[in-house]
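Numbering (the working numbering), first residue to last: 36 to 375. Don't be surprised by glycine CBs; every beta carbon is placed ideally from N, CA and C. None of these values were measured; they are calculated from a predicted model. To keep things clear, I will list the structure first and then write my remarks on it.
Right, dumping it as structure tokens:
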């Protein structure tokens, strides 16, 4: 199968699903590894994706033990058979623990890791970016494994707020930095500013660092201005559609890409919740609900402290998916019986 993401160990591009974990019941004490494997096989790898990001998607990586992470990594490796890179996950507020996590997953044969920034109290992204740069430099040297970093200049608080000058600093010193997951929501200028910093570093090092969208909001526009793809938990319910957007832009059919994106706007907005007055906090939980509504996964539960999505939100999401032209196979009321 020809893959949209041309991966040769150096080039990273395409649609990178951040794959959700499926639990056996609402207690979320045990992972349903069989359902997880089926989700990978039927809904992810049957698409023309560029990579699999496993070990827990947004809001879940930190909730998995290393043993659980290694199990889902192994399943992904068995299913991909080397066709696309398998990317693990590192999240820690300790540099040494981050290095330990990276080395364990490197020994397990991952092709790279999604490396989350540490949470530093009262972090100043303008004056104190040396904290983040030194953290990354140490990880890069000690682990020596391709990694994707996360953050952007969009003001989202904490150490996820990283400004373009820091992008360039990291890209200059971290030889294993292969991609950056950039949050910009609907603000294309934010993405362009961050990507420009990566391209400036590339002029000095000759190393290309892929600029990946962290959301699905303006994927077509991001690709049009030179972005390399998308890394997003939304692919759990919309991988086919985002792959089509990617392909359309690559063949120069921007109007087709925009048409697909615009048609998906109702569910895109519902997942973020803002236009409905919902909190944006559990948007990654809504990704799983979307996959469940489409019949892609048997249960949408997430571990505490994530609370179940209210049934009225599920109904709004269901209607938004139908309005977006997506096939829906479940009713909102069924979410209360989703342990079977």
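Item, Value
"If distances are taken between C-alpha atoms only, which option among 278, 221 and 229 comes closest to residue 304?", "221"
"Does DSSP put residue 189 in a helix, a strand or coil?", "coil"
"Enumerate, from N- to C-terminal direction, the unbroken alpha helix (DSSP H) stretches of 4 or more residues contained entirely within the region 45-120.", "68-74 and 101-115"
"Between which two residues does the beta strand (DSSP E) holding residue 216 run?", "212-217"
"Within its chain, find whatever has a CB closer than 7 Å to the CB of residue 127; leave out the 5 residues flanking it on each side and keep chain order.", "133, 136 and 153"
"Could you have a look at residue 292 and say whether DSSP puts it in helix, strand or coil?", "helix"
"Compare the beta carbon distance of residue 98 and residue 334 with 8 Å and say whether it is the shorter of the two.", "no"
"With DSSP as the reference, label residue 276 as helix, strand or coil.", "helix"
"Using three-state DSSP, classify residue 271 as helix, strand or coil.", "helix"
"With distance defined between alpha-carbon atoms, name the residue in 217, 254 and 67 nearest to residue 290.", "254"
"Can you check the region 130-177 for any beta strand (DSSP E) of at least 3 residues that lies completely inside it and give the ranges in chain order?", "147-150"
"Once DSSP output is grouped into helix, strand and coil, what is the label at residue 246?", "strand"
"From which residue to which residue does the alpha helix (DSSP H) around residue 207 run?", "199-208"
"According to DSSP, simplified to helix, strand and coil, what is residue 325?", "helix"
"I need the DSSP call for residue 125, collapsed to helix, strand or coil.", "strand"
"Kindly indicate which three-state DSSP category residue 235 falls into: helix, strand or coil?", "helix"
"With a Cβ-Cβ cutoff of 8 Å, do residue 276 and residue 299 count as a contact?", "yes"
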